[in-house]
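Here's the structure, in structure tokens; my notes come after.
2 protein chains.
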Amino acid sequence: MKLLEERILEEGVVKEGNILKVDAFLNHQMDVKLFREMGKEWKRLFADAGVNKILTIEASGIGIACVAAEEFGCRVVFAKKTQGKNLDGELLTTQITSFTKGRVFDVIVEKKFLNPGDRVLIIDDFLANGCALEGLIDLVQQSGAEVVGCGIAIEKGFQVGGQKIRDRGIRLESLAIVDSMEGGTITFRS
Amino acid sequence: MKLLEERILEEGVVKEGNILKVDAFLNHQMDVKLFREMGKEWKRLFADAGVNKILTIEASGIGIACVAAEEFGCRVVFAKKTQGKNLDGELLTTQITSFTKGRVFDVIVEKKFLNPGDRVLIIDDFLANGCALEGLIDLVQQSGAEVVGCGIAIEKGFQVGGQKIRDRGIRLESLAIVDSMEGGTITFRS
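Same order as they appear, the protein sequences are chains A and U.
Note that the first sequence ends on residue 190 in my numbering; no numbers are left out.
Note that the second sequence ends on residue 1190 in my numbering; no numbers are left out.
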């Protein structure tokens, strides 16, 4: 998606350790006009998928998922990273390793919000090693619902996550795929 | 806001300890059609406030803030509850006690995203004792920006938060104010 690639080039910052900071518009400060265009693009790509629910994970997936959900006319469920006192229903649980935060999270969704028959689009801001996405896919599959696809804002194409997901036959649409950030220069997959 | 009150009555669940669960439509599963109507209502209420930025806090404020931001034509910044490895800019920090999670969080915003001259609307899903909201107000005031108001989805009118904020002369618009949940019966302020 040209618009997103341009914004990454304009406002993204490459940091040591293959970190791409896009907090000016994607995951700390959030440019909702851009989110609207991203939502339209996912809707175009998944127009035939019969999506009736979007699943994302807190925190930075929530904004893009909500705007995209308006395009699909469906609800959003966000997976939670810790179990607060208010969670008392039957839970679906999985574990996700976050390399950014340097720890393993228990990730949960209340069972009643994902059901057999649901056609779920998973939305997230980043795909790198694929741990978060695999955890979300696991939650959907535990529920008996179907993963009809995954919509990612930025995929780090030089890490293994995207390949792993595609090798499983799961439809994955990343709006920008960064193939290299060597020397601070961002190269996109064409 | 009639629509929100109706949804609280239909899908809200009162639990022991004065807990109101609205996770079917507000803060776990998210009904973005309802969020759009809430965003329009905040826009109507704060039409004259010159809002150019919305501040919220992860995680459950993000969805409503993003949809509302489209109504205001502005960006959203969400305050983060812990310091991840990717945060390396100059930070504004405050502390918030979460009674739901039973702990104190360090809450941060990168300084560059709140600036003198910004006219900030703070959006959050719940207001009870007011700790989260006071933390967010503190962050804005540290930055030199102005808090032009606070938009809350559900205020627990029987707790002290709303009164404390209004007593400081800060404009606070809660779309539904629950004055009592005694015996599981929800009574709204008219």
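Ideal Cβ positions, reconstructed from N, Cα and C, are used throughout, including at glycine.
Comparing the C-beta of residue i with each C-beta of chain U, is any distance below 8 Å?
i      : result
A/G161 : no
A/I152 : no
A/R191 : Because chain A here runs from 1 to 190, residue 191 of chain A falls outside it and cannot be looked at.
A/I62  : yes
A/A176 : no
A/A59  : yes
A/F113 : yes
A/E235 : No statement about residue 235 of chain A is possible, as the shown extent of chain A runs from 1 to 190 and does not include it.
A/E110 : yes
A/D23  : yes
Could you work out which residues of chain U lie near residue i, taking near to mean beta carbons separated by less than 8 Å?
i     : result
A/A69 : M1030 and V1032
Which residues of chain A have a Cβ atom closer than 7 Å to the Cβ of residue i, listed in chain order?
i       : result
U/C1131 : Per Cβ cutoff of 7 Å: no residues; U/C1131 is ~15 Å from chain A at best.
Compare the Cα-Cα distances from residue i to each of the options and report the closest residue.
i       : options                               : result
U/A1065 : U/F1025, U/D1125 and U/G1130          : U/D1125
U/E1058 : A/I54, A/F46, A/V32 and A/K81         : A/K81
U/V1067 : U/E1041, U/A1049 and U/A1176          : U/E1041
U/Q1029 : A/N52, A/H28 and A/N27                : A/N52
A/E70   : U/R1171, U/G1063 and U/C1074          : U/G1063
A/I154  : A/G102, A/A128, A/T97 and A/I108      : A/A128
U/K1033 : A/N18, A/V76 and A/I19                : A/V76
U/D1048 : U/E1037, U/I1108 and U/F1072          : U/F1072
A/T56   : A/L26, A/E173, A/G135 and A/R171      : A/G135
U/G1061 : U/I1170, U/L1026 and U/R1036          : U/L1026
A/R36   : A/L9, A/L4, A/E11 and A/K15           : A/L4
A/L172  : A/I152, A/K21, A/K101 and A/V178      : A/I152
U/A1145 : U/P1116, U/M1038 and U/V1013          : U/P1116
A/V148  : A/V120, A/E11 and A/I137              : A/V120
A/F78   : A/V140, A/T187, A/T97 and A/N18       : A/V140
A/L92   : A/G157, A/K101 and A/Q142             : A/Q142
U/C1150 : U/K1101, U/V1014, U/Q1159 and U/I1122 : U/I1122
A/D118  : A/K21, A/L133, A/L9 and A/C74         : A/C74
A/I19   : A/D167, A/L45 and A/K156              : A/K156
A/L45   : A/E10, A/M1 and A/V13                 : A/M1
U/I1170 : U/R1007, U/E1006 and U/L1133          : U/L1133
Under 7 Å Cβ-Cβ, which residues of chain U neighbour residue i?
i     : result
A/V77 : H1028 and Q1029
Using beta carbons (cut-off 8 Å, strictly below), is residue i in contact with chain A?
i       : result
U/E1011 : no
CA-CA distance, residue i and residue j?
i       : j       : result
U/S1180 : U/D1023 : 19 Å
U/G1162 : U/L1175 : 12 Å
U/T1094 : U/R1103 : 14 Å
U/L1114 : U/K1043 : 21 Å
U/G1089 : A/G17   : 16 Å
A/K111  : A/I54   : 15 Å
A/I108  : A/D138  : 11 Å
A/F105  : A/I165  : 20 Å
U/F1099 : U/G1183 : 22 Å
U/G1039 : U/Q1159 : 25 Å
A/K15   : A/R168  : 31 Å
A/T185  : A/V13   : 10 Å
A/T187  : A/L9    : 9 Å
U/G1130 : U/S1190 : 21 Å
U/G1050 : U/T1097 : 30 Å
A/K21   : A/E11   : 9 Å
A/V178  : U/K1101 : 37 Å
U/E1006 : A/E6    : 43 Å
Are any of the Cβ atoms in chain C nearer than 8 Å to that of residue i?
i       : result
U/I1154 : Included in the structure are the protein chains A and U, with no chain C among them.
### Task
Return the chain-ordered ranges of every beta strand (DSSP E) run that is complete within the region 1107 to 1177 of chain U and spans a minimum of 3 residues.
Under the rule that a run must span 3 or more residues, the beta strand (DSSP E) segments found entirely inside the region 1107 to 1177 of chain U read 1119 to 1127 and 1146 to 1156.
### Query
Can you give, in chain order, each stretch of the beta strand (DSSP E) that sits fully within the region 1006 to 1062 of chain U and has at least 3 residues?
Segments of the beta strand (DSSP E) lying fully in the region 1006 to 1062 of chain U: 1013 to 1015, 1019 to 1021 and 1053 to 1057.
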